[in-house]
Structure formats: structure tokens, C-alpha cells
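**Q** Under the UniProt record's numbering, the first residue of the sequence shown carries the number 1, and numbering increases by one thereafter.
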Amino acid sequence: MQSAAIRPLDNMLPRKLLTPEHEAFRETARKFYTKEVVPNIEKYEQQQHVDRDLWNKAGELGLLCTTMPEEYGGSGVDRLYSMIMIEEQAYAGDSASGFSLHSDIVANYINNFGNEEQKKHWLPKMATGEVVTAIAMTEPGTGSDLQAVRTSAVLDGDEYVINGSKIFITNGYLCDMAIVVCKTGNSEKGSANLSLLIVEANRAGFSKGKPLNKIGMKGQDTCELFFDNVRVPKENLLGMEGMGFIMLMKELAWERMLVAIICQAGAEASFAHTVQYTKDRKAFGKPIGAFQNTRFKLAELRTEIDFCRTYLDRCMELQLEGTLAVDAAAAAKYKISDMFSKVVDECLQLHGGYGFMLEYPIARAYIDNRANRIYAGTNEIMKELISRSL
1 MQSAAIRPLD NMLPRKLLTP EHEAFRETAR KFYTKEVVPN IEKYEQQQHV DRDLWNKAGE
61 LGLLCTTMPE EYGGSGVDRL YSMIMIEEQA YAGDSASGFS LHSDIVANYI NNFGNEEQKK
121 HWLPKMATGE VVTAIAMTEP GTGSDLQAVR TSAVLDGDEY VINGSKIFIT NGYLCDMAIV
181 VCKTGNSEKG SANLSLLIVE ANRAGFSKGK PLNKIGMKGQ DTCELFFDNV RVPKENLLGM
241 EGMGFIMLMK ELAWERMLVA IICQAGAEAS FAHTVQYTKD RKAFGKPIGA FQNTRFKLAE
301 LRTEIDFCRT YLDRCMELQL EGTLAVDAAA AAKYKISDMF SKVVDECLQL HGGYGFMLEY
361 PIARAYIDNR ANRIYAGTNE IMKELISRSL
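#1: When the Cα of D51 is compared with those of F32, E60, R309 and D221, which residue comes out closest?
#2: Less than 7 Å between C-beta atoms, sequence neighbours within five positions excluded: which residues of the same chain meet that for I86?
#3: From the DSSP output, which residues share a beta bridge with G164?
#4: Using 10 angstroms around the beta-carbon of G59, count the other beta-carbons present and answer buried if the total reaches 16, otherwise exposed.
#5: Looking at N171 and the ligand HEM, is the gap between the Cβ and the nearest heavy atom below 7 Å?
#6: Quick one: what does DSSP say E21 is sitting in, helix, strand or coil?
#7: Does DSSP classify M247 as helix, strand or coil?
#8: Please classify I215: does DSSP put it in a helix, a strand, or coil?
#9: In three-state terms, what does DSSP make of T184?
#10: Under DSSP, the alpha helix (DSSP H) around S341 begins and ends at which residues?
#11: What does the alpha-carbon distance come out to for the pair I6 and A365?
#12: So, helix, strand or coil for M1, using DSSP?
#13: Rank R373, Y277 and E384 by C-alpha distance to the C-alpha of L350 and give the top, closest one.
#14: When the Cβ atoms of the stretch 313-328 are set against those of the stretch 341-350, are three or more pairs found closer than 8 Å?
#15: In three-state terms, what does DSSP make of E359?
#16: Are T184 and A134 close, meaning C-beta to C-beta below 8 Å?
#17: Go through its chain and collect everything with a Cβ distance to M1's Cβ below 7 Å, but skip five positions before and after it.
#18: Could you check the C-alpha separation between S192 and F245 for me, to the nearest Å?
#19: When you compare only the Cα positions, how much space is there between G377 and G157?
#20: Give the range of the alpha helix (DSSP H) segment to which F296 is assigned.
#21: Determine the closest residue to Y173 out of P211, I162, E255 and S195, with distance taken between C-alpha atoms.
#22: Quick one: residues in its chain with C-beta nearer than 7 Å to the C-beta of T138, no 5 flanking neighbours on either side, listed in chain order?
#23: For V149, which of helix, strand or coil comes out of DSSP?
#24: If you measure between the beta carbons of D338 and N379, is that distance less than 8 Å?
#25: For the beta strand (DSSP E) that contains S195, what are its first and last residues?
#26: Does the Cβ-Cβ distance between E255 and Y109 come in under 8 Å?
#27: Among the residues of its own chain, which have a CB less than 7 Å from the CB of R309, if the five just before and after it don't count?
#28: Assign N229 to buried or exposed, taking buried as 16 or more other Cβ atoms, counted over all protein chains shown, within 10 Å of its Cβ.
#29: Look up D156 in the DSSP assignment and say whether it is helix, strand or coil.
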């Protein structure tokens, strides 16, 4: 059986995006995943969520909310640090921890749209792992159609009263706070009816379902959230009422980049496992990697992986400059998640029957990967976004 953790092969075109400081951070992240996560993957899958103290350990090492300003507990670094954290998660074979949603999505909403009081209250606690967060968008009947959200928030005096439910919420079971997408208006223009509210998990009427029984990503904390006359002060409004859809659109491009990053790294990890397997496994008296079909198939996969890596790194350069277009981010999410699906399928085939055994990382990657073409906007939605730029 192969170890879950592996280092990717060197790219054919050397990456020039990262500095020695970035690589030093990579070493810290790599050691964290190797020590704290890899030995516990089966445990997390059985209980359907990570241990709560894993968040505190990540916070102690400065691995959470690194891109947030130092005054709010972060390190004030660029988003390449976020990319490195996600890459190391994939190289470790970890589909359980939900750090990126917490650090790179929820934290960004608060930092970009929150007032000073909200930033000072939440961001430092998020950086240490004292508070685990989620964002509650999807509902049982909405899917990708955010304008069809039914969860309502009605202003009653100085408080909003929230009623409704959300589904497929990452970090939902362990969350101490969730940013909830609510309907606060009745305008004919559906996008003008949405607002974002900060909701603490200990509020009366806020309840959580059991972790959902998924076909993959079984260690990932994913559940339903329910709101039954949950009252929150109007000060919990994030940004302005009716601006929720605009805020969501602003951050969704980065969320799609996060999916592209983990798919790229996942493909690199799956490929590295498979190259090693084809060297070790023998058939007809020689390694299966010596057969022309295997060599050619690996050559094809390596080429596709490296082409996508070049595009992704260029997207990250534009992201740092603040000039990454919505369609380019959508293309990265769509193409690279599709590429990962192809790579992991072909790699499983090269493993033969052992590829179907969950003790092998390729089998876990095969089932864990499938959600990437669905969440953060389905790949069909990505194609729609790309087509609008034509």
C-alpha cells in the first residue's frame, strides 16, 4: 500500500512564481499535514469531520487566515500562501480539512465588507482557530441559482429574524459562526433581495443536521443548517442590505480559483502515485511502466497536467495584480477540474484492480475528486460565464 502523502514530480517548465519565503511556508504546511492529518485520515472519515483541535493546531502554526492584515491576526501575505496551503493539502491526500473555505472565503467576506468592529471581533479568533466558520449559500431547492434563495431575514425592531435552511455546508457541523445568505427584500430584481448576515452557532433556533453521507470527501465536515426564528442584531449585517449578491459575485471568482488549485495539485499527486506504482508493479516479468501503452499514457497525462499548471500559475499572477477576469477564473475551474477527472480515471486504470481498493490513494482521489466539477458553480455554469465574454 502506498502512503497517502507524496511529492509531485518536477514540472517540465520550471515554476517561477514562488520565492524562498513561499517555499519556507510550504515546508511548515507540509510538516503540519504529514504529522497532524495524514495519520488521522481514516479516523476523520469514520467520524465524518476532523477533530476540533486540528483547527487550533493549524492556528498555532500561523496556517489560518494568513492573507488577512496583521492588525486582525493574519500575516498580511499574498494569496500565493493560500495556494501553497491548498497544494500541500492535496499532496497529503487530505479531503477532510476545510481550512481554505474558512481562511480564503469567509475571512475575505469579513475583511472586504465588514465594518471595523466585525473585523476586530472575528478575524483574530479565526486566525487562531478559536472560531471555525462556514458560509451558508446553497439551499435544497436552489443549487446554482442563488437568486432563488428562500431563507428569509425580516427586520423586527433592532433584530433580524431568520427562517429557512441550507444544505451542503462545508465546516457546517463544527462551525461556531456562519455567514448566511438571506432574502431581505421582495424586489422584482432577485439579485437586489439578498443580504449576508453573520450568525453565531449558539443563537437560539440555529441547529445543525448530522454530517451528510457523501460518496467521497467522507472526512469533510458537510451538513445541513436550520434556522427557526433565529434572532440576530442588525449589527450582524455584513456590508449593506440588498448588496449580498454583488458581494457573492466578487468573491466567487477567487473561490473558483481555489477549486482549480486543489484540482491541479490533486492531479499532480495522483500522477506521482501512479508513476511510482508503474515502476514497482510487475507483470509478465517486467514493470508495467516498461510497456509502451503505459509510457505513452503517462506522457499524455504529464503533458495535460503541465499545460494546466502553466495556465493556473498565470492566473495566479493576474490574481495578485488584481486583474484576473471572471471568465479566466471560470475557465481555470472548469478545465482543471475536468483535467483532474481524466487524470485520476486514467491513473486508476493503470493501477488495475488495486486502483479500486480504498487502501490506495488513487481510489480515494477518484471518489473525492468528483465534487470539484459541481461546487463553486457547476462546470456548466462556468461554460455559461465564459460564453458571455464572447
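All residues carry an ideal CB built from backbone N, CA and C; glycine is no exception. Model, not experiment: these values are computed from the prediction.
**A** Reading off the structure:
#1: As a first step, residue 51 must be located in the sequence shown, where it is residue number 51. Closest by alpha carbon: D221.
#2: By 1-based counting over the sequence shown, the position of residue 86 is 86. S100, L258, I261, I262 and A265.
#3: By one-based count along the sequence shown, residue 164 stands at place 164. For G164, which the question treats as bridged, DSSP gives the partners F227.
#4: Position 59 of the sequence shown, counted from the start, is the residue given in the question as residue 59. Result: buried.
#5: No copy of the ligand HEM occurs in the structure displayed, which carries no ligand at all.
#6: As a working mapping, residue 21 is identified with position 21 in the sequence shown. Correct three-state label for E21: helix.
#7: As a first step, residue 247 must be located in the sequence shown, where it is residue number 247. In this structure, M247 counts as helix in the three-state DSSP scheme.
#8: Working through the sequence shown from its first residue, we reach residue 215 at position 215. I215: coil per DSSP, three-state reduction.
#9: Translated into positions along the sequence shown, residue 184 becomes position 184. T184: coil per DSSP, three-state reduction.
#10: In the sequence shown, residue 341 corresponds to position 341, counting from 1. V326 to H351 is the extent of the alpha helix (DSSP H) around S341.
#11: Taking the first residue of the sequence shown as 1, we reach residue 6 at position 6. Taking the first residue of the sequence shown as 1, we reach residue 365 at position 365. Each residue's alpha carbon lies about 13 Å from the other.
#12: Residue mapping note: residue 1 aligns to position 1 of the sequence shown, counting from 1. Confidence at M1 is low in this model, with a pLDDT of 49, below 50, so the placement of that residue should be treated as unreliable; the coordinate-derived value is given next. Three-state DSSP puts M1 in coil, outside helix and strand.
#13: Locating residue 350 in the sequence shown gives position 350, where the first residue counts as 1. It is Y277.
#14: no
#15: Position 359 of the sequence shown, counting from 1, holds the residue named residue 359. Of the three classes helix, strand and coil, the one that applies to E359 here is coil, per DSSP.
#16: As a first step, residue 184 must be located in the sequence shown, where it is residue number 184. As a first step, residue 134 must be located in the sequence shown, where it is residue number 134. Against a cut-off of 8 Å, the Cβ pair of A134 and T184 comes out as no contact.
#17: Stepping through the sequence shown from its first residue, residue 1 is reached at position 1. Low confidence applies to M1: its pLDDT is 49, below 50, so where it sits in the model is not reliable enough to give any reading.
#18: The residue labelled residue 192 in the question sits at position 192 within the sequence shown. The residue labelled residue 245 in the question sits at position 245 within the sequence shown. Per the sequence shown, the amino acid found at residue 192 is Ala instead of Ser. Distance between the alpha carbons of A192 and F245: 7 Å.
#19: Locating residue 377 in the sequence shown gives position 377, where the first residue counts as 1. Locating residue 157 in the sequence shown gives position 157, where the first residue counts as 1. Computed Cα separation, rounded: 36 Å.
#20: Numbered from its first residue, the sequence shown carries residue 296 at position 296. Looking at the DSSP string, the run of the alpha helix (DSSP H) that includes F296 is Q292 to E321.
#21: Reading the sequence shown from its first residue, position 173 is the one you call residue 173. Considering only alpha carbons, the answer is P211.
#22: Numbered from its first residue, the sequence shown carries residue 138 at position 138. K166, I167 and F168, listed in sequence order.
#23: Working through the sequence shown from its first residue, we reach residue 149 at position 149. Residue state, collapsed to three classes: coil.
#24: The sequence position of residue 338 within the sequence shown is 338, counting from 1. The sequence position of residue 379 within the sequence shown is 379, counting from 1. It is a contact, given that the beta carbons lie within the stated cut-off.
#25: If you number the sequence shown from 1, residue 195 lands on position 195. Residues L194 to E200.
#26: As a first step, residue 255 is located in the sequence shown; it is residue number 255 there, counting from the start. As a first step, residue 109 is located in the sequence shown; it is residue number 109 there, counting from the start. Taking 8 Å as the Cβ cut-off, E255 and Y109 do not qualify as a contacting pair.
#27: Walking along the sequence shown from the start, residue 309 turns up at place 309. N11 and Q264.
#28: Along the sequence shown, one-based indexing puts residue 229 at 229. The residue in question, N229, is exposed, as its Cβ has fewer than 16 Cβ neighbours within 10 Å.
#29: Reading the sequence shown from its first residue, position 156 is the one you call residue 156. It is a strand residue.
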